[in-house]
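For the protein sequence lines, the chains are A and B, in the order given. Heads up: the first sequence begins at 108 in this note's numbering, then just goes up one per residue. Heads up: the second sequence begins at 11 in this note's numbering, then just goes up one per residue. Here a beta-carbon is modelled for each residue, glycine too, at the ideal position from N, C-alpha and C. As the structure is a prediction and not an experimental result, all values here were calculated from the model. Everything below concerns the one structure shown next.
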Amino acid sequence: MSGVLTIWKKEMRVYAVNPTAYAFLAVFMFLAGLFFYLGLTLTGEASMRVLASNLAIAELFVLPMLTMRHFAEERRQGTLEMLLTSPVSPMALVLGKWLASLTLCLLMFLGTLILPLILAYYGDPDWGVVFTTYLGLLGVAAAFCAAGLFSSSLVDDQLAAGLIGIVMLMPFWLVGRAEALVGDEWAAKIQAFGVLSHLESFNRGVIDSADVYYFLAFAGCFLFLTYRSLESRRWR
Amino acid sequence: MISVVDLHKAWGPRAAVSGVSFEVRKGEVVGFLGPNGAGKTTTMRILTGFIPATSGEVKVAGFDVFDDPYAVRARVGYLPETPPLYPELTVGDYLLFCAELRGVERSRRASRTGEVMERVGLRGWEKRLLGSLSKGYRQRVGLAQAIVHDPPVLILDEPTSGLDPAQVVGIRDLIKELAGSHTVILSTHILSEVEAVCPRAVVINRGRLVAEGDIATIRGMARGGAYTYVEVQGIDGPRLGRLPGVALVEPVGQAGGWAAFRVRAPADPREMLADRAARGEFRIRALESRLPSLEEAFIDIVGREGLA
Ligand SMILES: Nc1ncnc2c1ncn2[C@@H]1O[C@H](COP(=O)(O)OP(=O)(O)O)[C@@H](O)[C@H]1O
Ligand SMILES: [Mg+2]
C-alpha cells in the first residue's frame with residue numbers, strides 16, 4: 108500500500124501547480140462567506156448550523172468539479188496506461204487520489220475557519236460543536252469526493268465528468284425535501300438516504316456512529332465502483 | 011523472455027489480433043513490424059497487462075501476464091504510443107515520481123533519475139515543464155520513464171515516431187546501447203528502423219503473423235527470394251534467358267550502353283555467367299547475388315495477405 112502514498116504525493120504536486128484547483132478553493136470560500144453573511148443578516152442568527160447545511164450544498168457543486176480531472180484527464184493524457192501497467196494496484200491508485208482530494212478539502216475548511224472566529228467575536232460559540240460540524244462536513248467531503256472520482260472514471264471529458272458527478276449527487280440532497288412531496292411516513296425513510304439528515308447530529312455537537320457509518324459506506328461504495336469502472340473499461 | 015502463443019484479441023465482433031505467436035529471447039532486440047492498424051499497439055498493451063487478451067498465452071520474463079500481472083509489471087519498462095506525461099510537472103519531478111511508482115528505493119531515486127536523464131540526452135532539463143517540451147523531448151522523457159527502474163524487459167511502441175532524423179538516430183543509438191543487457195521489443199511501421207536496430211523482426215498484418223525471423227530471412231521471403239544482379243553488354247534479355255539454368259530475367263534498367271538485369275535461377279548462375287563472359291560471349295561489369303530489400307519483401311509479404 109506504499110503506492111497510496113506515491114499517488115497521494117503526485118496528486119498534491121499536481122494540485123499545487125494547477126490554477127483550477129485554486130479557483131475552486133476560492134469559489135468554495137466565497138460561497139462559505141456568502142452563506143454566512145446571508146444567514147447572519149436574514150435570520151439574525153449567528154450559528155454554525157445554517158452555515159453547515161449550506162456548506163454541504165456548496166460541497167455538492169464544488170467537489171465534483173475538484174475531482175472531475177482525476178481519471179478523465181489521466182485517460183486523455185495517456186498517463187492512465189502508465190499507472191495501470193505499474194506495480195501500483197488500481198485500488199491504491201483510487202485511494203491515493205481520494206485521500207489527495209480529501210486533503211484539499213481540509214485545506215478548504217481551514218480557509219473557512221475565519222467564520223467561527225467571527226462568531227467568537229460576537230458571541231461565545233461552543234468549540235466542541237464547531238469541531239463536530241467540521242467533522243460532519245469532512246464526512247460529506249469523503250462521500251462526495253468518492254462519487255466525483257467515480258464519475259471521472261466514467262467519461263473521458265472532464266467537464267462532462269464534473270456535471271455527471273453533480274447530477275448524480277443531487278438526489279442525495281433533494282431527498283432531504285421529501286416531506287413536501289410524499290407523506291410523513293415515507294419521508295422519514297427516504298430522508299435517511301439524504302446527506303442533510305446525517306449532518307444534524309454533527310451540527311448539534313453529537314457524533315452518532317450511524318452517521319459516521321453512513322458517510323463511510325457512501326464513500327466505500329463509490330470507491331469500489333470507481334475501482335470496478337477502471338477495471339471494466341480496460342475491456343473496451 | 012517474451013513468449014506469445016496463439017494470441018487473440020477481439021474488440022466486439024472485430025478481431026484486432028488473430029492467432030499471433032512469437033518469441034523474444036533474452037538480450038535480443040526484436041522489431042515488431044506492420045502497417046498502421048495491424049495490431050501492434052494492441053499486442054503490446056496485452057504484453058504489458060494494460061488490456062486483457064481474448065485468448066492465448068503470454069509470458070514475460072517467465073511470468074504469465076494474466077496470472078502474475080504484478081510480477082510482470084515489476085520487470086517491464088513500457089513506452090506507450092503517446093508518451094504518458096503530466097504537462098504540469100517538471101521533467102525532474104516527473105521522473106522521480108516514475109521511479110517511486112516503479113518501486114525504486116528512496117535512496118537511489120535521485121541518482122537513477124540523473125543517470126537516465128544523462129542517458130537520453132536530457133541533462134540540464136530537469137526544471138522544464140513537461141507541457142512545454144517539443145515532440146522529440148517528450149519522446150525522450152517517455153523513454154527515460156521506461157528505463158528509470160532498469161527493467162530487464164523493454165516494450166517500446168513506436169519509439170521514434172514524429173522525431174526529426176537527428177533525433178531518430180539518437181534514439182536508435184540508445185536502443186542499440188540497451189541491447190544485450192535488456193530484452194527489447196519495439197514496434198514500428200518504418201522498415202529502415204528495423205534494419206537499423208533489430209537483427210530480428212516479427213511482421214504482422216491485419217492481426218495475423220505474416221513473417222518472423224532475422225532480417226535476411228524475411229528479405230528472402232519476398233516473391234522469388236534471392237536473385238543475381240548483372241550489368242552486361244553485348245547480350246539482350248531474351249538471349250540471357252536462354253542460357254542454361256536461367257529461369258527468369260527481369261530488366262532493371264539501362265545506362266551508357268550497359269543493361270542491368272535481375273537473373274533468377276534454381277541454382278546459383280554466377281559461375282556460369284562469369285565463364286561465358288570470360289570466353290567473350292558478352293561483356294560483364296557487375297555480377298552479384300542479392301536479397302530483395304526489406305522494403306520489397308515487406309510490400310510483397312503484406313501485399314500477398316492483402317494490404318488493409
Ligand atoms: N479500444 C479499441 N476499441 C476498438 N477497436 C480498437 C481499439 N484499439 C484498437 N482497435 C482496433 O484494433 C486494430 C489494431 O489497432 P492497433 O493495435 O492500434 O494497430 P497498430 O498499433 O498496429 O497501428 C485497429 O483496427 C483498431 O481500429
Ligand atoms: Mg500503434
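Query raised in the report: Comparing the C-beta of B:Y88 with each C-beta of chain A, is any distance below 9 Å?
Result: By this cut-off, B:Y88 is an interface position.
Query raised in the report: Hey, how far is the Cα of B:P23 from the Cα of B:D278?
Result: 49 Å
Query raised in the report: With a Cβ-Cβ cutoff of 9 Å, do B:G180 and B:L95 count as a contact?
Result: no
Report task. Kindly provide the chain-ordered list of residues whose Cβ lies closer than 5 Å to any non-hydrogen atom of ligand 1. Result -> Ordered along the chain, the selected set is B:W21, B:A26, B:N46, B:G47, B:A48, B:G49, B:K50, B:T51 and B:T52.
Query raised in the report: At a Cβ threshold of 9 Å, is A:M172 touching chain B?
Result: Residue contact with chain B for A:M172: absent (no Cβ-Cβ distance below 9 Å to any residue of chain B).
Requested in this report: Would you mind giving the Cβ-Cβ distance between A:V157 and A:G140, rounded to the nearest angstrom? I have them listed as a contact below 8 Å.
Outcome: In fact, because the Cβ distance is near 13 Å, the residues do not count as touching under 8 Å.
Query - For B:V194 and B:V82, believed in contact at Cβ under 8 Å, the rounded distance - result: The pair is not a contact, with the Cβ atoms about 16 Å apart (cut-off 8 Å).
Query raised in the report: Since B:R138 meets chain A, which of its residues come closer than 9 Å, beta carbon to beta carbon?
Result: Going along chain A, no residue has its Cβ under 9 Å from B:R138, so there is no contact; the nearest lies around 13 Å.
Report task. Let me know the secondary structure DSSP gives A:T333 once reduced to three states. Result -> helix
Query raised in the report: By Cβ distance below 6 Å, which residues in the same chain neighbour B:R218 in space, the five residues on each side in sequence not counted?
Result: Result list for B:R218: S28, in chain order.
Requested in this report: Would you please verify whether the beta carbon of A:N310 is less than 9 Å from any beta carbon of chain B?
Outcome: Proximity of A:N310 to chain B, defined by a Cβ-Cβ separation below 9 Å, is not satisfied.
Query raised in the report: If you follow the beta strand (DSSP E) that B:E241 is part of, which residue opens it and which one closes it?
Result: Y237 to Q243
Report task. Give a yes or no on whether 9 Å exceeds the smallest Cβ distance from A:E188 to chain B. Result -> yes
Query raised in the report: B:A275 to B:L132, Cα distance in whole Å?
Result: One C-alpha to the other measures close to 53 Å.
**Report entry** Spatially closest choice to A:A294 from A:A165, A:V282 and A:Q184, by CA coordinates
**Finding:** A:V282
Query raised in the report: Can the beta-carbon of B:L140 be found closer than 9 Å to that of B:R148?
Result: yes
Query raised in the report: Does the beta-carbon of B:Q264 have 16 or more other beta-carbons within 10 angstroms, so that it is buried, or is it exposed?
Result: exposed
Requested in this report: Measure the C-alpha to C-alpha separation of A:V124 and B:V70 and round it to an integer number of angstroms.
Outcome: Taking the straight line from one Cα to the other gives about 38 Å.
Query raised in the report: Bridge partners of B:A221, per DSSP?
Result: B:V213
Query - Cβ neighbours of B:F32 in the same chain (closer than 7 Å, five flanking residues each side left out) - result: V14, V212, L219 and E222
Query - Neighbour flag for A:Q184 against chain B, beta carbons, 9 Å - result: yes
Query raised in the report: In chain order, which continuous runs of the alpha helix (DSSP H) of length 4 or greater are located wholly inside the segment 136-215 of chain A?
Result: 155-174, 176-184 and 186-191
Report task. Please check if any C-beta of chain B sits within less than 9 Å of the C-beta of A:L191. Result -> yes
Query raised in the report: Taking Cβ-Cβ distances shorter than 9 Å, what residues in chain B pair up with A:V201?
Result: Chain B residues near A:V201: none, gap ~15 Å exceeds 9 Å.
Query raised in the report: Can you tell me the Cα-Cα spacing of B:S191 and A:G301, whole angstroms?
Result: 60 Å
Query raised in the report: What did DSSP end up calling A:V313 once you bin it into helix, strand or coil?
Result: coil
Query raised in the report: Opposite B:W268 in the DSSP bridges: which residues?
Result: B:A265
**Report entry** Range of the contiguous beta strand (DSSP E) that encloses B:Y88
**Finding:** V86 to L89
Report task. Return the chain-ordered list of same chain residues with a C-beta closer than 7 Å to the C-beta of B:D119, the five sequence neighbours on each side being excluded. Result -> In the sequence as presented, Asp is not what sits at residue 119 of chain B; that position holds Arg. Close CB contacts of B:R119 within its chain, under the 7 Å cut and outside five residues either way in sequence, are with L106, A109 and E110 (chain order).
Query raised in the report: Checking contacts by CB at 9 Å: is B:P93 closer than that to chain A?
Result: yes
Query raised in the report: For B:E110 and chain A, any beta-carbon pair shorter than 9 Å?
Result: yes
Query raised in the report: Using a Cβ-Cβ cut-off of 6 Å (strictly less than) and excluding sequence neighbours within five positions of A:G243, which residues of its own chain qualify?
Result: L306 and F309
Requested in this report: Starting from B:E125, trace the alpha helix (DSSP H) both ways and give me its first and last residue.
Outcome: Counting along the chain, the alpha helix (DSSP H) containing B:E125 begins and ends at R116 to V130.
**Report entry** C-beta atoms of B:V68 and B:I214 nearer than 9 Å
**Finding:** no
Query - Residues near A:A128 by beta carbon distance below 8 Å, same chain, minus five either side - result: Y122, L173 and L211
**Report entry** Residues that B:Y237 contacts on chain A, provided the C-beta gap is smaller than 9 Å
**Finding:** Under the 9 Å cutoff, chain A gives no residues; its nearest Cβ is about 45 Å from B:Y237.
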